[in-house]
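Notes follow once the structure below has been shown.
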Amino acid sequence: MTSQPFRRLEGGLIDRDRPLTFRFDGSTFTGYAGDTLASALLANGVTLVGRSFKYHRRRGIVAAGVEEPNALATLREGNRQEPNLRATQVELFDGLTASSQNRWPSLDFDVGGINNILSRFLPAGFYYKTFMWPAGAWMFYERFIRAAAGLGKAPLLGDPDYYERRHAHCDVLVVGAGPAGLSAALAAGRSGARVILVDDNAALGGSLRGDTATINEVPALAWVDEVGGTLEALENVRILTRATAVGYYDQNLITVCERVADHLARPDPHQPRQRLWWVRAKRVVLATGAIERPLVFANNDLPGVMLASAVRTYQLQYAVKCGRRAVVFTNNDSAYSCVSALMGGGVPVSAVVDTRASGPGDAARKIVDSSGVECLFGHAVVGALGRQRVTSVEVMALADGGSRVTGRSRVIDCDLLCVSGGWNPTVHLFSQSQGKLRYDEGLTSFVPDASSQAESSAGAARGELGLDACLRGGIEAGAEAARLAGFTPTEDVEAARCDHVDEAPVEALWAVPLPARRHGKRFVDLQNDVTAEDVALADREGYQSVEHLKRYTTLGMGTDQGRTSNVNGLAILAGLRDSDIPSVGTTTFRPPFNPVTLGTITAREVGADLAPLRLSPMHDWHAGVGANFVTVGLWLRTQFYARPGEAMMEAINREVLAVRNAVGMVDVSTLGKIEIQGRDAAEFLERVYINRWTNLQVGRCRYGFMLREDGFILDDGTTTRVADNNFYMTTTTAQAGPVMAHLEYYAQTVWPELHVHLTSVTDQWAGMAIAGPRSREVLAAACEGGDVGDESLPFMGYLESRIAGVPVRLFRMTFSGEMAYEVHTPSDYGIRVWEALMAAGKDFAITPYGTEAMSVLRIEKGHVVGAELDGRTIPADFGFERMQKKDRDFIGKRSLERPALAYGPRKRFVGLISEDGRKIPRGAQLVWNPTAPKPVPMLGHVSSTCYSPNLGNYIALALLEDADGYQGKLLYASSPLTDSHVPVRVGHSVFIDPEGERARG
Amino acid sequence: MLLIECPWCGPRDDQDFTYGGEAHIARPERPEKLSDEQWGDYLFMRSNPKGTHLERWVCNGCRRWFNVCRDTVTDEITAVYRMGEKPPGAIKKAGRKS
Ligand SMILES: [Zn+2]
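Sequences listed follow chains E and A, in order.
Residue numbers for the first sequence follow our numbering, so the first one is 952 and each next one is one higher.
Residue numbers for the second sequence follow our numbering, so the first one is 80 and each next one is one higher.
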């Protein structure tokens, strides 16, 4: 364990009484409560934290917050391992384990570093170039690129933690709890509006946590505490800390990722690790602050080159010295506060290099004058020197408006170079909200312009960088948001007071020119290893749109989304094209602002909770006898009932034979059921079915097809006229929802004048089918309501009766082709009726059967299901053209008359029998000769296939072109996927009882 | 993530609705009188305006269809009205080839 050589003895917001132990890349260190992983590493003098993505160059910590491009770490181990976390955002906890990424085998010695030497072979667009030339190059390079690149590795073990989703509504959502956000929340909260204030950090204050300013005559943090206390006391205000607003969607829906337990070694029992808030706000105030830009010069990626604001934050908030001797390099006044923080904290500053010939404003000048730091105005750092980290910088004078450097260069020793290239308002959420950005010449950055949604930006987020402007702007934005949300802001809320600081304007210098005859990498995007030269190359190669530039060079991609690089990159592009920055434009910002782990997005919808599970009313009976279940959509259905020692196929064959030879019973509760009522119910059916309905007698059922308006079959099913104006429709299990939606659509939008009401009653009715030559005897034994013979219950007849003392609906219809009945009863009576029928069937050896046997029975009988009704078939394909009404319109009729459906050579329905007794592969194509040269002409395809115990052979249903011509011929069912090519004989689609005598009994 | 106001259930997230395409396309009274091209036009051709779009949605809660006037650029919803009603006031249906 080492001491913390770069920790100041006093100051900062860390708790020195609570030391914490942590491990980084196998070494043990200590830090303090209040540290981030980054600040603790810096306190311990760890400057090398990662290797760069492409060139594997050494990289150190650059920033102190969300904008950090380099210090990505993998946190924790085992099943809680998480990659790509910014060390600057990871709160330190005792026992934290982290490792650096993108290096192999170790950070100090990295094999990929060879890429740096070979870098002229890895220019901009190198991925695309290997895709294109030479042929096969990508195949060759891919494994190396994938092994050597990539930012961290996904964990392989299951996540032991859980996550939550929460919906919230408010009048005013304030994003950011810095000076502007706190002021806005205060103004809105006092008005009585429901306010939600969210902030990324563990504590309120934002930039004020590392600030020496005075607000209302007290230290800034005291003011933060006071406002925080006031807000806490307001019942209408909710404060979320450790919460990042990541997405801004339509109509003011903002998603907020709350890191509930990430600052702990593991979540407390019953505590989620993270929570995703879906906040719908009437008004939004974006007080998201601003992000400092780096400057672009040779070797600006050396460890020890840091953002000036970050150095200041480490110095003041974490009491960490980022180096032993500093040089400050800036083009604006803000970096001068870094000078005072360094000097006040015992880090000598060798020089301030300011690109502006006229130097800074008065306040900044006072800082350097009083401390006696050497100032080099009109100068620039042309390069950072050093191998492991910065050891000195080379400074030259700027000439010709910054387009070249001149004079003798001077080398200044330092191990810390603090850079500031100006500030970019954090406009990501604003941009996500579809708001328009405007380029501000004075600020040299993009600022929010016209809003697209009910939002406003306040403080630094709208380009008002001064503290006094933030405090005032926050109050105004908060009061206005409350007013627009329907509340009256109170008079007594005034902006907090602080001194105004006059600053000299920032002066753009997008890339420091290289001295004559000198080379050096000038990085624009540290995370993606994109240099100014790459931007120039992309421009030369014709990638002139900023969106193309992004894809080609990868500038602004990755986890940091170009927070530090975007504006520099497009400004360099504008310079190359001799155009201005607004006309180059900026890339689109997309959610999420910060990476969100997938667990947080899925929340509770994982594993068994991924989707609802639907169970038949008779489920407990099936489970009680040890049924094997299968998932069908959301339903759990009985697949087969294996007896002890019985294999699956044996059970299925036994069940099939029982139905053909005696009687079986299957649970059909999953069928969709729809009640159609009203005086126009029959007319409605007439319009949605292809066949006739107005002439259906009460107490009779009819089979029919329903088409989509484009002529293709939507579903088939049976509908029964229960009473004059009351029909009971059944649909296939899979199409229950779509059919209901289809009928609702026509009833409400196309024929609102029809008096018809539709009610889904799928869950209200249990259904069971008894099938087989002895089914009538079973029904007769069970029914208490009188005769069920041919007279009272003929084929396609309907009867109401009672079984086991409860009401049942009896339908004489068949799916298996045998004499069969469906018995429907209110769901709660399902098991009662099922058991009564099983008891009544005992003497007839009634056999319960599952979906597999049901499927075999219907394939033997040539009945169609979803495999045949696949959205590409019409009734004529199955020989049902005569079912279609000729004399009147129905949905889909006109489309059937289009040439392609009316005359086109279409595949038609046939049956296949295996010629050599082999299994006919599922999804096989029908071909003449499977060994013919490819492409082999495809004549048709297998839609359903099974083993038929009644035929003692494998059979299948298929759709085949020129079906009549191929009758009796031999074809091959060819499945290249499984490399099986089975000879099949083409025949009729009905294998059993083609005359249909069994069903009529 | 639209916020849509069902005329019966009130404002709800768009997860509670299903989109149903362009509104005010009447099903032809006599489809058999139409040429294949006219029928194809009814069946497949829809306007794709930049700006005001009148469209149908169905509420998954109450299962009622209704009309929505939405700006396809900003996603702003300016009106919600029942089936059979005309779009309110100044709202005009975007150009559609006749
Ligand atoms: Zn509704």
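For glycine and all other residues, C-beta sits at the position ideal for the given N, C-alpha and C.
Exercise for the section: State yes or no: is the C-beta of E:R1234 nearer than 8 Å to some heavy atom of ligand 1? Expected result: One-based indexing of the first sequence puts residue 1234 of chain E at position 283. Incorrect: E:R1234 has no Cβ contact closer than 8 Å to ligand 1.
Exercise for the section: Please name the residues in the stretch 146 to 166 of chain A whose beta-carbon is closer than 9 Å to at least one beta-carbon of chain E, in chain order. Expected result: V152, T153, D154, E155, I156, M162 and G163
Practice task
Out of A:G119, A:E134 and A:K112, state which residue places its alpha-carbon closest to the alpha-carbon of A:E164.
Solution key: The count along the second sequence starts at 1 and reaches residue 164 of chain A at position 85. The residue with the shortest Cα to Cα distance from A:E164 is A:E134.
Handout entry: Own chain residues within Cβ distance below 6 Å of E:P1299, not counting five before or after
Key = Numbered from its first residue, the first sequence carries residue 1299 of chain E at position 348. Same-chain partners within the cutoff: R1276.
Practice task
Would you mind working out which of E:P1464, E:N1646 and E:G1414 sits nearest E:L1237, comparing C-alpha positions?
Solution key: Along the first sequence, read from residue 1 onward, the residue named residue 1237 of chain E stands at position 286. Of the candidates E:P1464, E:N1646 and E:G1414, the one whose C-alpha sits nearest the C-alpha of E:L1237 is E:G1414.
Practice task
Could you have a look at E:H1118 and say whether DSSP puts it in helix, strand or coil?
Solution key: Residue numbering aside, residue 1118 of chain E sits at position 167 when the first sequence is read from its first letter. It is a strand residue.
Exercise for the section: Measure the alpha-carbon distance for E:D1476 versus E:L1191 and round it to whole angstroms. Expected result: One-based indexing of the first sequence puts residue 1476 of chain E at position 525. One-based indexing of the first sequence puts residue 1191 of chain E at position 240. Each residue's Cα considered, the two are about 32 Å apart.
Practice task
Report the rounded CA-to-CA distance for E:A1100 versus E:G1240, giving the unit in angstroms.
Solution key: Looking up residue 1100 of chain E in the first sequence gives position 149. Looking up residue 1240 of chain E in the first sequence gives position 289. At E:A1100, the pLDDT of 49 sits below 50, so the modelled position is not reliable and the matter cannot be decided from this model.
Practice task
Indicate, with yes or no, if ligand 1 has a heavy atom lying under 8 Å from the CB of E:C1421.
Solution key: Indexing the first sequence from 1 puts residue 1421 of chain E at position 470. Every heavy atom of ligand 1 is 8 Å or more from the Cβ of E:C1421, so no.
Handout entry: Proximity test, A:R143 beta-carbon vs ligand 1 heavy atom, cut-off 8 Å
Key = Working through the second sequence from its first residue, we reach residue 143 of chain A at position 64. Correct: A:R143 has its Cβ closer than 8 Å to ligand 1.
Practice task
From the DSSP output, in three-state form, read off E:A1331 for me.
Solution key: For the purposes of this step, residue 1331 of chain E is identified with residue 380 of the first sequence, where counting begins at 1. Correct three-state label for E:A1331: strand.
Practice task
Going by DSSP, name the residue or residues bridged to E:Y1780.
Solution key: Reading the first sequence from its first residue, position 829 is the one you call residue 1780 of chain E. Paired residues: none, contrary to the question.
Exercise for the section: State whether the stretch 1122 to 1129 of chain E contacts the stretch 1009 to 1019 of chain E, with contact taken as three or more CB pairs (one from each stretch) at a distance under 8 Å. Expected result: no
Exercise for the section: Name the one or two DSSP bridge partners that E:E1168 has. Expected result: What you label residue 1168 of chain E is simply residue 217 of the first sequence in a count that begins at 1. DSSP lists no partner for E:E1168.
Practice task
May I ask whether a heavy atom of ligand 1 can be found less than 8 Å away from the beta carbon of A:W118?
Solution key: As a first step, residue 118 of chain A must be located in the second sequence, where it is residue number 39. No.
Handout entry: Residue-chain proximity (A:G119, chain E), Cβ-Cβ < 9 Å
Key = If you number the second sequence from 1, residue 119 of chain A lands on position 40. For A:G119, the answer is yes, since a Cβ of chain E falls inside 9 Å of its Cβ.
Problem - A:P86 at chain E interface by Cβ criterion, 9 Å - result: For the purposes of this step, residue 86 of chain A is taken as residue 7 along the second sequence, with counting starting at 1. No, because no Cβ of chain E sits closer than 9 Å to the Cβ of A:P86.
Exercise for the section: Would you give the residue range spanned by the alpha helix (DSSP H) that E:N1904 belongs to? Expected result: Locating residue 1904 of chain E in the first sequence gives position 953, counting from the first residue. Run containing E:N1904: none in the alpha helix (DSSP H); it sits in the beta strand (DSSP E), N1904 to L1911.
Handout entry: A:C138 Cβ short of 8 Å to ligand 1 heavy atom set
Key = Position 59 of the second sequence, counting from 1, holds the residue named residue 138 of chain A. Yes, the Cβ of A:C138 comes within 8 Å of a heavy atom of ligand 1.
Handout entry: Closer than 9 Å to chain E by CB, A:G168
Key = Position 89 of the second sequence, counted from the start, is the residue given in the question as residue 168 of chain A. Taking Cβ atoms only, chain E never reaches closer than 9 Å to A:G168, which makes this a no.
Exercise for the section: Consult DSSP for E:Y1772 and reduce its assignment to one of helix, strand or coil. Expected result: Sequence index remark: in the first sequence, residue 1772 of chain E carries index 821 (1-based). Reduced to three states, the DSSP call for E:Y1772 is strand.
Handout entry: Chain-order list of residues whose beta-carbon lies under 6 Å from that of E:A991 (same chain, five-residue window excluded)
Key = Taking the first sequence and counting its residues from 1, the one referred to as residue 991 of chain E is at position 40. Same-chain partners within the cutoff: G982 and L1043.
Handout entry: Residues of its chain near E:A1098, where Cβ-Cβ distance is below 6 Å and the 5 sequence neighbours each way are ignored
Key = As a position in the first sequence, residue 1098 of chain E is number 147, starting the count at 1. The pLDDT assigned to E:A1098 is 49, lower than 50, so where the model puts this residue is not dependable; a value taken from the coordinates is nonetheless given after this. Hits under 6 Å: none found.
Problem - E:W1644 beta carbon near ligand 1 (any heavy atom closer than 8 Å) - result: What you label residue 1644 of chain E is simply residue 693 of the first sequence in a count that begins at 1. E:W1644 Cβ: outside cutoff for every heavy atom of ligand 1.
Handout entry: Residue-level contact to chain E via CB, A:G89, 9 Å cutoff
Key = Residue mapping note: residue 89 of chain A aligns to position 10 of the second sequence, counting from 1. No, no contact with chain E.
Handout entry: For A:A158 and A:D150, the rounded distance between their alpha carbons
Key = Residue numbering aside, residue 150 of chain A sits at position 71 when the second sequence is read from its first letter. Residue numbering aside, residue 158 of chain A sits at position 79 when the second sequence is read from its first letter. Going by the C-alpha atoms only, they are around 10 Å apart.
Problem - Range of the contiguous alpha helix (DSSP H) that encloses E:R1809 - result: Working through the first sequence from its first residue, we reach residue 1809 of chain E at position 858. Note, E:R1809: alpha helix (DSSP H), T1802 to K1812.
Exercise for the section: Check the Cβ of E:L1418 against every Cβ in chain A and list those closer than 8 Å, keeping chain order. Expected result: The count along the first sequence starts at 1 and reaches residue 1418 of chain E at position 467. Chain A residues near E:L1418: none, gap ~34 Å exceeds 8 Å.
Practice task
If I'm right that E:E1773 touches E:G1718 with Cβ under 8 Å, what's the distance once you round it to whole angstroms?
Solution key: Along the first sequence, read from residue 1 onward, the residue named residue 1773 of chain E stands at position 822. Along the first sequence, read from residue 1 onward, the residue named residue 1718 of chain E stands at position 767. Confirmed, about 6 Å.
Practice task
Could you name the residues of the stretch 1627 to 1653 of chain E whose beta carbon sits closer than 9 Å to any beta carbon of chain C, in the order they occur along the chain?
Solution key: In the structure shown, chain C cannot be found, because the protein chains are E and A.
Handout entry: Backbone CA spacing between E:P1020 and E:V1815 [nearest angstrom]
Key = Counted from its first residue, the first sequence places residue 1020 of chain E at position 69. Counted from its first residue, the first sequence places residue 1815 of chain E at position 864. One C-alpha to the other measures close to 59 Å.
Problem - Bounding residues of the alpha helix (DSSP H) (the contiguous stretch that carries A:F123) - result: Stepping through the second sequence from its first residue, residue 123 of chain A is reached at position 44. Run containing A:F123: D115 to F123, per the alpha helix (DSSP H) assignment.
Exercise for the section: Let me know the secondary structure DSSP gives E:A1098 once reduced to three states. Expected result: If you number the first sequence from 1, residue 1098 of chain E lands on position 147. Its pLDDT being 49, under 50, E:A1098 is placed unreliably by the model, and the measurement read from it follows with that caveat. Correct three-state label for E:A1098: helix.
Handout entry: Runs of alpha helix (DSSP H) wholly within the stretch 1690 to 1763 of chain E (minimum 4 residues, chain order)
Key = 1726 to 1733
Problem - Integer Cβ distance of E:A1196 from E:I1205, believed to fall under 8 Å - result: Stepping through the first sequence from its first residue, residue 1196 of chain E is reached at position 245. Stepping through the first sequence from its first residue, residue 1205 of chain E is reached at position 254. With 8 Å as the limit, E:A1196 and E:I1205 qualify as a contact, their Cβ atoms being about 5 Å apart.
Problem - Chain-ordered residues of the stretch 1386 to 1401 of chain E with a beta carbon less than 8 Å from chain A - result: none
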